[in-house]
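First up is the structure itself, then whatever we jot down about it.
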Amino acid sequence: MASKSNPIQLFALQVPTQISLPFDLYALTVPQNWKELFNRLQQIKLGKNYVLPPVESLNQALQLLVDGILFSSPNAFRLKSTANWLYFKADNIDTACIATAVKTWLNVSFEKCNFLTDDDIAKIHAISGSDLQIEKVQLPTPVWEIKDVSLKIDSLYYDLIPYFLASEVARSPLALINPRTNEEFEKVKFCEIVSAESGAKEVISWPPMLAVKTRKKKDSEEKETTTHYYSYRLTFVLHYSTGGEPYIICDCGIKRWVSWEFTYLRSGATVCIKPTKSTRFAACKLKYMGKEKGIDFESNLARLVKELNFRDKFTAQDVIQIPCKNDELACKNDGLVWAVTYSNIMSRSHNTDVGWFPIDHEIFLQACLKRFEKVFEGGFSLIETYSRCENRKALTKAASEYKKVEKFIKSHFAEEPKTPPFYIPPNLKLLLLAQDTPSEKLIFPLAKKYGISNVVVRELGSLGAELLGNSWSANCSSRIKDFQKKLSLSTENTKTVTLVEILPKDHFWRDASKDPKPCFRPALAMLGSVTDHFEPKDEEDTSDFLTTEDLNSELVQREAAKEAAREAAKEAAKEAVKEAVKEEDKTSKAKSLKSEFAYRLEATLLSGLSMAGAYVYPHFDAKNFPQDVASIGVYVIPYYQGEKTKYLPVAVRMDKTGVTAKAYGLNEWLDFHTFQVKMASGSKDFHPFDFNKNNIQSWVFNILFPECKGPTLFCFDAANVRTKGLIFLQKKFWHKHLLAFDTGEIMGIGENLETGKNMTFIPLSKYPHVRIAGIISPNTSEVPLYRVCDEGNKLAGHTAGVFYPSSQNAECGYYYLSNQRPESRSGGILQQSKLIPMAKTRGENMGELKKPKPYAQGYNPRGVFLNLTLQEGDCFSDWASFVQCLRLYGLIHYLGATTLPGPLHLAAGLNDYRPIQAIREP
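Just so we're aligned: the sequence shown equals residues 3 to 924 in the numbering used here.
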């Protein structure tokens with residue numbers, strides 16, 4: 003077992019300072035007259051300035067059809083850009099073919115546009131391959147260096163290195179080695195997926211694997227066998243750390259393919275297409291486009307493939323009928339194939355679950371490293387380990403206090419009531435808008451558990467009926483008025499929480515505009531209530547024990563069954579009987595005292611209580627750490643208004659006295675319940691604005707920071723705001739005691755930020771009560787998996803902790819915060835694999851090999867990066883530990899670790915409380 007002081011290893015690779023390619027690199031740029039024509043036509047078409055033409059589909063089509071193209075740059079079409087457009091490893095590319103593709107793309111993009119003049123048409127026809135000049139590219143050396151405390155690396159490498167690694171994996175079948183036997187057990191053929199974006203490069207195994215399962219038919223004893231398809235996925239992306247060193251993430255996963263004819267499409271789906279004779283796939287979107295068009299391709303990629311490759315004729319309807327076209331003849335002869343990516347929001351379940359186990363990830367990583375050694379001299383090695391540094395004593399105390407919360411929430415609602423170990427507002431009213439009997443019965447014992455006596459149950463009835471579907475805005479307005487007619491306004495000094503039993507979203511798959519759910523929160527907010535939703539009880543779910551008597555009776559019966567099993571085990575003479583009794587005892591232990599529906603409804607109630615201001619706040623006790631620290635999460639919410647998007651910065655504050663919130667333009671902090679009611683009801687106190695980085699920067703620096711009266715930790719999701727005005731959250735501008743501030747009239751001009759022009763650094767001491775925590779979450783693709791390094795540097799499982807790079811010290815200011823093992827993985831993950839047999843580690847059959855579980859749900863430990871900017875004299879490791887407390891012990895409705903600290907998690911959740919006029923029409 004891993005020691006609590008052991009370091010961790012991040013699954014990321016070091017980038018060498020010197021790279022030698024096995025070929026010469028060539029590139030061409032977009033001619034200036036092409037750029038001017040394309041940009042002018044697109045601006046006229048959309049009636050907007052500064053709009054780029056939709057070059058993503060063109061770039062993808064070219065890479066599918068011209069094998070010599072390595073990768074492309076989407077920024078090359080900007081009028082002032084000097085970036086190369088297409089890269090090659092030979093200079094004998096057919097430029098006439100590229101010009102033909104460009105003209106076809108223009109014809110497709112601007113068909114049915116009556117604004118084209120004769121001069122425009124003539125310029126399109128005049129586009130020629132002779133306009134394009136291919137030139138040799140000299141690779142900048144070294145690849146990277148730290149100069150003047152900053153990373154210097156040419157932007158080319160962010161595409162070139164991930165591309166080269168991905169293409170090497172796809173060059174020939176990849177050998178997978180069993181680390182236990184050191185023998186090859188599988189060879190896997192990968193194909194590249196051409197991305198519309200620059201940066202990350204992805205490969206998938208093809209042909210796909212089969213996942214075959216036999217199960218009973220619904221409402222029948224008959225059995226049926228289903229075959230679903232899936233592929234392995236590897237993704238390569240280059241990032242750099244806060245310390246400045248670049249690293250490569252090699253992430254492996256599973257792509258599951260839809261393996262049945264579509265009957266509906268809830269929102270959108272990604273289809274990967276590989277045309278005849280192409281060695282690559284490209285991804286484009288399938289989307290429900292309304293009643294007239296039905297399901298169709300969102301971009302022009304599929305159309306371009308058909309126009310440019312006359313052997314491939316297919317429509318969206320073909321893809322709908324056969325979502326995974328992988329017939330043997332097509333795969334063998336490099337024919338047209340495609341596959342639609344499956345997601346969990348689809349109505350049917352897939353035979354294969356997502357993710358890998360740690361040993362599987364290690365197998366793929368080692369296979370890639372072995373491949374790279376043959377191409378790059380010296381190969382790649384893992385980045386340095388990270389050492390543990392958190393304040394163990396303070397975290398243990400906070401964890402101990404939070405265990406009381408966990409124990410209470412996990413307790414059965416039919417037990418004798420106890421006082422909740424966290425704050426719940428005393429003046430609560432709970433309103434249930436029900437559609438079925440189980441929720442009406444269950445809500446009363448649940449409310450009693452949380453000390454809520456004011457409970458009202460109403461039938462949702464016509465308020466939950468389908469909208470008419472003719473005019474979404476008018477239909478929503480009408481339904482909101484219906485709520486106001488049928489339900490009464492909350493009384494003063496009462497905090498109302500409404501739980502709405504809604505139809506599953508699948509019910510509205512044919513026309514999402516008929517789903518009334520978007521109306522519920524705004525409508526009930528106008529009546530003074532916060533709202534959450536849950537779906538009705540499944541017919542196959544178990545029943546619940548609603549009274550203390552029923553629960554105690556069941557507990558007595560279970561204890562009697564266990565005692566009988568123990569007695570039988572003592573007297574059993576035959577081993578088989580012993581094993582049978584053990585299995586029966588296991589089944590008895592595993593059976594939950596709550597139905598799935600009860601767990602779901604209680605989770606919804608807890609979410610509603612959190613919205614009403616119920617909270618827990620961790621106490622962090624460390625030497626020289628300030629007392630009564632407040633924490634504030636700041637988040638920018640998009641407001642969708644037709645084709646336009648406005649933005650509203652919000653802030654949620656938590657301390658030992660409660661939860662409050664405020665927004666841009668709102669002068670005062672409101673209690674959390676009142677804030678959400680005002681926000682969702684469309685109060686004029688809220689002032690969303692057109693995108694303006696200066697507004698966001700000014701609000702944070704001139705309003706939020708100065709008004710702090712005591713020690714306050716500000717938490718930011720870097721991906722949400724680092725490009726929206728808060729440049730101090732960009733890694734290259736991070737400092738331990740200084741905040742980068744953009745002084746330019748037009749903020750965020752790239753070349754100015756690169757040179758430091760129009761930027762200054764403000765000492766944090768100007769705001770003596772303020773501390774800053776920047777969170778980089780796994781959603782950014784910047785955060786690698788981790789594993790504990792056990793004795794002898796052997797990779798083990800996972801651990802919750804605060805870690806820093808081993809070459810630094812515990813006060814370096816940037817950290818990796820890892821999550822604890824979730825309860826769903828209490829059996830461990832180290833003895834499980836999707837790929838190879840694993841030895842049993844306990845019991846009488848210890849050492850015996852158990853079969854791999856290719857269809858199981860995998861799990862790999864992951865965390866977040868944290869960058870701190872603090873006051874002089876602050877202990878960085880203590881503040882990092884406090885942030886970890888806010889992730890692990892900061893909320894009542896999430897008992898596991900949240901990605902974001904508690905107040906920032908709540909701030910990001912306000913995205914669900916936009917008024918109806920700011921919600922995008924489905």
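Ideal Cβ placement from N, Cα and C applies to all residues, glycine included.
Is residue 180 helix, strand or coil by DSSP?
Numbered from 1 along the sequence shown, position 178 holds the residue referred to as residue 180. Correct three-state label for residue 180: strand.
Selected residue, minimal CA-CA separation from residue 785, among 7, 8, 13, 9:
Mapped onto the sequence shown, residue 785 falls at position 783. That would be 13, whose Cα lies nearest to the Cα of residue 785.
Sorted by chain position, which residues of the same chain lie with C-beta nearer than 8 Å to residue 365's C-beta, five sequence neighbours on each side aside?
By 1-based counting over the sequence shown, the position of residue 365 is 363. Excluding sequence positions up to five before and after residue 365, its CB lies within less than 8 Å of the CB of 178, 179, 180, 181, 837, 838, all in the same chain and listed in chain order.
Alpha carbon to alpha carbon, what distance is there between residue 820 and residue 56?
Residue mapping note: residue 56 aligns to position 54 of the sequence shown, counting from 1. Residue mapping note: residue 820 aligns to position 818 of the sequence shown, counting from 1. Rounded to the nearest angstrom, the gap between the Cα atoms of residue 56 and residue 820 is 40 Å.
Among the residues of its own chain, which have a CB less than 7 Å from the CB of residue 126, if the five just before and after it don't count?
Indexing the sequence shown from 1 puts residue 126 at position 124. Within its own chain, the residues whose Cβ lies closer than 7 Å to the Cβ of residue 126, once the five positions on either side in sequence are excluded, are 105, 108, listed in chain order.
One or two residues paired with residue 207 in a DSSP bridge:
In the sequence shown, the residue the question calls residue 207 occupies position 205. Paired residue(s): 192.
CA-CA distance, residue 763 and residue 702?
On the sequence shown, position 761 is the one that residue 763 refers to. On the sequence shown, position 700 is the one that residue 702 refers to. Distance between the alpha carbons of residue 763 and residue 702 is about 15 Å.
What first and last residue would you give for the alpha helix (DSSP H) that runs through residue 854?
One-based indexing of the sequence shown puts residue 854 at position 852. Run containing residue 854: none; DSSP gives neither H nor E here.
Roughly how many whole angstroms lie between the Cα atoms of residue 363 and residue 857?
Locating residue 363 in the sequence shown gives position 361, counting from the first residue. Locating residue 857 in the sequence shown gives position 855, counting from the first residue. Between the C-alpha atoms of residue 363 and residue 857 there is a straight-line separation of about 15 Å.
Under 8 Å, do residue 430 and residue 614 count as touching if we go by C-beta distance?
To locate residue 430, count along the sequence shown from 1; it is residue 428. To locate residue 614, count along the sequence shown from 1; it is residue 612. Yes.
Among 289, 248, 116, 360, which one has its Cα closest to the Cα of residue 863?
Stepping through the sequence shown from its first residue, residue 863 is reached at position 861. With distances taken between Cα atoms, residue 863 lies closest to 360.
Backbone CA spacing between residue 768 and residue 782 [nearest angstrom]
Counting from 1 along the sequence shown, the entry for residue 768 is found at position 766. Counting from 1 along the sequence shown, the entry for residue 782 is found at position 780. Roughly 31 Å between the two C-alpha positions.
To the nearest angstrom, how far is the alpha carbon of residue 329 from that of residue 321?
Within the sequence shown, the letter at position 327 stands for residue 329. Within the sequence shown, the letter at position 319 stands for residue 321. Roughly 13 Å separates the two Cα atoms.
Mark residue 669 as exposed unless 16 or more other C-beta atoms lie within 10 angstroms of its C-beta, in which case mark it buried.
Reading the sequence shown from its first residue, position 667 is the one you call residue 669. Under the 10 Å beta carbon count, residue 669 is surrounded by fewer than 16 other beta carbons and is classified as exposed.
Between the Cα of residue 860 and those of 847, 852, 832, 510, spot the shortest distance and give me the residue it belongs to.
Here residue 860 refers to the residue found at position 858 when the sequence shown is read from its first residue. When each option's Cα is compared against that of residue 860, the closest is 832.
At which residue ranges does the segment 123-178 contain complete beta strand (DSSP E) runs of 3 or more residues, listed in the order of the chain?
Counting only runs of 3 or more, we get 136-138, 146-149, 152-155.
Straight-line gap, residue 697 to residue 673 (C-alpha atoms, nearest Å)
Here residue 697 is taken as the residue at index 695 of the sequence shown, counted from 1. Here residue 673 is taken as the residue at index 671 of the sequence shown, counted from 1. If you draw a straight line from the Cα of residue 697 to the Cα of residue 673, it is about 24 Å long.
Suppose you measure from the CA of residue 5 to the CA of residue 822; what does that come to, to the nearest Å?
Reading the sequence shown from its first residue, position 3 is the one you call residue 5. Reading the sequence shown from its first residue, position 820 is the one you call residue 822. Residue confidence is low: residue 5 scores 48 on pLDDT, short of 50, so the model does not pin down where it sits. No coordinate-derived value is stated.
If you draw a straight line from the C-alpha of residue 580 to the C-alpha of residue 565, how long is it?
Looking up residue 580 in the sequence shown gives position 578. Looking up residue 565 in the sequence shown gives position 563. Here the model assigns residue 580 a pLDDT of 48, short of 50, so the residue's position is not dependable and the matter cannot be decided.
Would you mind stating whether residue 131 and residue 92 have Cβ atoms separated by less than 8 Å?
Here residue 131 corresponds to residue number 129 of the sequence shown, with the count starting at 1. Here residue 92 corresponds to residue number 90 of the sequence shown, with the count starting at 1. In this structure, residue 92 does not lie closer than 8 Å to residue 131 by Cβ.
What are the complete beta strand (DSSP E) segments, minimum 3 residues, inside the segment 267-344?
Entirely contained in the segment 267-344, the beta strand (DSSP E) runs reaching 3 residues are, in chain order, 270-276, 282-290, 297-299, 339-342.
Taking the straight line between their C-alpha atoms, what separation do you get for residue 373 and residue 116?
If you number the sequence shown from 1, residue 373 lands on position 371. If you number the sequence shown from 1, residue 116 lands on position 114. Rounded to the nearest angstrom, the two C-alpha atoms are 54 Å apart.
How close, in whole Å, do the beta carbons of residue 240 and residue 205 come, if the pair is a contact with beta carbons under 8 Å?
One-based indexing of the sequence shown puts residue 240 at position 238. One-based indexing of the sequence shown puts residue 205 at position 203. Going by Cβ atoms, the distance from residue 240 to residue 205 rounds to 16 Å, so no, they are not a contact pair.
When burial is assigned at 16 or more other CB atoms within 10 Å of the CB, is residue 439 buried or exposed?
To locate residue 439, count along the sequence shown from 1; it is residue 437. Residue 439 counts as exposed, since fewer than 16 other C-beta atoms from the protein chains shown sit within 10 angstroms of its C-beta.
DSSP three-state assignment for residue 377, whether helix, strand or coil
As a first step, residue 377 must be located in the sequence shown, where it is residue number 375. The answer is coil: DSSP assigns residue 377 none of H, G, I, E or B.
So, residue 775 versus residue 715, is the Cβ gap smaller than 8 Å?
Taking the first residue of the sequence shown as 1, we reach residue 775 at position 773. Taking the first residue of the sequence shown as 1, we reach residue 715 at position 713. For the 8 Å CB-CB criterion, residue 775 and residue 715 form a contact.
Can you have a look at residue 192 and say buried or exposed, based on whether 16 or more other CB atoms are within 10 angstroms of its CB?
Mapped onto the sequence shown, residue 192 falls at position 190. It is buried - the Cβ of residue 192 has at least 16 other Cβ atoms within 10 Å.
Option in 7, 48, 17 with minimal Cα separation from residue 646:
For the purposes of this step, residue 646 is identified with residue 644 of the sequence shown, where counting begins at 1. By alpha-carbon distance to residue 646, the top candidate from 7, 48, 17 is 48.
Is the beta carbon of residue 28 sitting closer than 8 Å to the one on residue 138?
Numbered from 1 along the sequence shown, position 26 holds the residue referred to as residue 28. Numbered from 1 along the sequence shown, position 136 holds the residue referred to as residue 138. When the beta-carbon positions are compared, residue 28 and residue 138 come within less than 8 Å of each other.
First and last residue of the alpha helix (DSSP H) that includes residue 102?
Stepping through the sequence shown from its first residue, residue 102 is reached at position 100. Start and end: 97-111.
In chain order, what residues of the same chain have a beta carbon less than 7 Å from the beta carbon of residue 648, not counting five sequence neighbours either side?
Residue 648 sits at position 646 when you count from the first residue of the sequence shown. Scanning its chain for C-beta atoms nearer than 7 Å, with the 5 sequence neighbours on each side dropped, one finds around residue 648 the residues 641, 690, 691, 692, in chain order.
Please classify residue 957 as buried or exposed, where buried requires at least 16 other C-beta atoms within 10 Å of its C-beta.
As displayed, the chain neither begins before 3 nor continues past 924, which places residue 957 out of reach and without an answer.
How is residue 625 classed by DSSP in three states: helix, strand or coil?
Along the sequence shown, read from residue 1 onward, the residue named residue 625 stands at position 623. DSSP places residue 625 in coil when its eight states are reduced to three.
Going by DSSP, name the residue or residues bridged to residue 774.
Taking the sequence shown and counting its residues from 1, the one referred to as residue 774 is at position 772. The partner list for residue 774 (beta bridge, DSSP) reads 716, 871.
Can you give me the Cβ contacts of residue 617 inside the same chain, cut-off strictly under 6 Å, excluding the 5 residues immediately before and after it?
For this step, residue 617 is matched to residue 615 along the sequence shown. Sequence-distant partners of residue 617 (beyond 5 residues in either direction) whose C-beta falls short of 6 Å from its own C-beta, in its chain, are 425, 661.
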